[in-house]
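This is the structure:
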């Protein structure tokens, strides 16, 4: 702490109630607290994507502004010998000077140059290929800092921007104006002339409003406020056409606020320009300024006769402002008086009024509504494409006759899907599953932490959910054969080199069986290290080339690139050699694949005795000499299924066809897939 905050700053004694340290500054004869320092892991240990929390050193000044943020430690795979530390440090540096009174969000394309000090919203640049990691860091920093702000800074402005209530669109009943007022959906605020004169008493603005002096009990202005996008308000005050038009104008999360003024002081001045920010009304929520802008909405408004000539405007609050309809809206009416013609002395006074929605019309924020939800909403197009892709795969793996009865059709479909897996799931959407997912679970469970950090990466969650279901249906092969981007890269490269004349080498059966056990040894070593040492685990998981080839596109230090390239080259000689012999994730998939409830690949009595066609053609060497399928090693390529269905490829069917031509009848006995069959 002393090194982090050198003179003239001093580090005080640790607080008795919270793990924070006051940062002091000597000011002449007194010493004042200028900030509080703390480690994020003490206050908000949210696990990173490796299952281990970030630890940040934070200095928060007495105004809720970040004086400094530094990374003490982390175990994020993408930054460890991947992208390197520089992008992480650059990301963290952006917090310096920002405030908890602002809504701080990770940029997804906004123009950050527009960010201003004091602005309600601020966007900071994210890190490509590390989206989940920086979101978790952001959540860790804000959650820890808000605890300090609430305990020590005496204000509650800072809130998680995602912890806001939502308007309930289904709540509606027909109501007239008086019913809306009684229900608390329309709020009235009256300001008399005497209220205004009292505020200007003793200032240069005193006595300048002669009309107010003559009639102090008369109305200066009556103001009415309502959430117009609440169906019970908007549908009762607007015509159906204007209500539909309003819905078209509002983006998801936007708010439309109706303000009406009746009296001698209008809502906006005669110089007001439609479509701009009002000059006489401002809005805050929890002391945070929120911009309101005129929507230039006109048309009939269903109000009492006494308000037919009143001035009304509809103001929009955009979604990124983070307005919470479950919290009060704190408006301020601004009144200005000036004295003198030349070099006039101007006096400004504000008159607050507050409006809030009844609880029945809002859905309160839940405690688990964290920033991970933003990851899902922002990536919904990618998740939709992935969902459709998984649906197509599920249909294909059910062996539809139109697909499996044509070898060329299966080859075309498989290669197309592998390209989808490599390019979209892997390189574009960064959906490569990893053994790091398994070690993260172990480390989080041992530390007693939640597994909710996975939710920051929706592609990973969706893939794991699908793969988990397929364990019971098809076993290990669904992921390893179709959904692993690095596996797809090996497969496509192997096929390309074969087209160029390079033949695959077949490992002798005895050595093949021995080498296939190696991946289980690698998996056991990695999982054991996860129980003992985080740093050791970080080193051992580098046996996976996924981060190098898929996450970082081979842009990495040369030893890692050399390892990944060597494994790809290996697959040109030994078909998917890494997947079959070394991959720890594949070993884990093999173990979980034993949850399979049945044998889904049909066999005939001649399979293996004497026919060896499928076994000789299986590039994975996953068919035993007896003709049974070793599902722990099957990658679901469908080659043997095609052979089984084809009378031009399946030897027993070919013999039956030949015998039929010769006038003989030889029965072919098919052994259907059944969970009771034993595998050798």
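In this note's numbering, the protein residues as written are -2 to 677.
Each residue gets a CB set at the ideal place from its N, CA and C atoms; glycine is no exception.
Could you work out which residue in 169, 122 and 359 is closest to residue 229 when comparing CA atoms only? Selected option, being the one with the closest Cα: 169.
For residue 450, which residues from the same chain have a beta carbon less than 7 angstroms from its beta carbon, with the 5 sequence-adjacent residues on both sides left out? 43, 44, 45, 46 and 133
Would DSSP call residue 293 helix, strand or coil? Coil at residue 293, not helix or strand.
With residue 260 as the anchor, note down where its beta strand (DSSP E) starts and where it stops. 252 to 260
Can you grab the Cα-Cα spacing for the pair residue 85 / residue 92, in whole Å? 12 angstroms
Same chain, Cβ closer than 7 angstroms to residue 345, five either side skipped, listed in chain order: 331 and 333
Classify residue 187: buried if its beta carbon has 16 or more other beta carbons within 10 angstroms, exposed otherwise. exposed
Keeping to the same chain, check which residues put their C-beta closer than 8 angstroms to that of residue 585; ignore five residues upstream and five downstream. When the five nearest sequence neighbours on each side are left out, the beta carbons in the same chain lying within less than 8 angstroms of the beta carbon of residue 585 are those of 432, 435 and 520, in order along the chain.
Let's see if you can read the secondary structure: which residues bound the alpha helix (DSSP H) around residue 373? 369 to 375
Helix, strand or coil at residue 344 [DSSP, three-state]: strand
Among the candidates 249, 264 and 469, whose CA atom is the shortest distance from the CA of residue 218? Ranking the options by Cα distance to residue 218, first place goes to 264.
Range covered by the alpha helix (DSSP H) that runs through residue 56: Segment 52 to 58 is the beta strand (DSSP E) holding residue 56; no alpha helix (DSSP H) there.
Quick one: measure Cβ to Cβ for residue 190 and residue 213, integer angstroms, because I've assumed they're closer than 8 angstroms. Confirmed, Cβ separation roughly 5 angstroms.
Does the ligand ATP have a heavy atom nearer than 8 angstroms to the CB of residue 345? For the ligand ATP, the structure offers nothing, since it holds no ligand at all.
Span separating the alpha-carbon of residue 144 from that of residue 354: 27 angstroms
Measure the Cβ-Cβ separation of residue 522 and residue 49 and say whether it is below 9 angstroms. No, they are not a contact pair.
Is residue 13 helix, strand or coil by DSSP? coil
So which of 526, 656 and 180 has the shortest CA-CA distance to residue 443? 526
Assigned secondary structure, residue 625 (DSSP; H/G/I helix, E/B strand, else coil): coil
Taking 9 angstroms as the threshold (C-beta atoms), are residue 35 and residue 140 in contact? no
Can you check which of these residues, 425, 8 and 27, is closest to residue 33 by C-alpha distance? 8
Give the list of continuous alpha helix (DSSP H) stretches no shorter than 4 residues that lie fully inside the region 611 to 657. DSSP runs (the alpha helix (DSSP H)) wholly in the region 611 to 657: 636 to 642.
Per DSSP, what kind of secondary structure is residue 547 in: helix, strand or coil? helix
Quick one: which unbroken alpha helix (DSSP H) runs of 4-plus residues sit fully inside the region 447 to 476? Chain order, please. 455 to 470
Quick check on this structure: which residue in 652, 439, 553 and 507 has the alpha carbon closest to the alpha carbon of residue 621? When each option's Cα is compared against that of residue 621, the closest is 507.
Give me, in chain order, the residues of the same chain whose beta-carbon lies closer than 6 angstroms to that of residue 350; leave out the 5 immediate sequence neighbours on both sides. 186 and 328
Residue nearest to residue 637 in terms of C-alpha spacing, selected from 96, 499 and 605: 605
Which of helix, strand or coil DSSP assigns to residue 149: helix
What residue range is occupied by the uninterrupted beta strand (DSSP E) comprising residue 358? That residue, residue 358, is in no beta strand (DSSP E); it is neither H nor E in DSSP.
So residue 414 packs on residue 461, CB below 8 angstroms; how close in whole Å? Contact doesn't hold; Cβ gap of about 19 angstroms is too wide.
Does DSSP put residue 127 in a helix, in a strand, or in coil? coil
Opening and closing residue of the beta strand (DSSP E) in which residue 219 lies: 216 to 224
Indicate whether residue 549 and residue 11 have their beta-carbon atoms separated by less than 9 angstroms. no
Between residue 474 and residue 281, what straight-line distance do the alpha-carbon atoms span, to the nearest angstrom? 56 angstroms
Under the three-state reduction of DSSP, which class applies to residue 92: helix, strand or coil? coil
In the DSSP assignment, find the beta strand (DSSP E) that holds residue 63 and state where it starts and stops. 63 to 70
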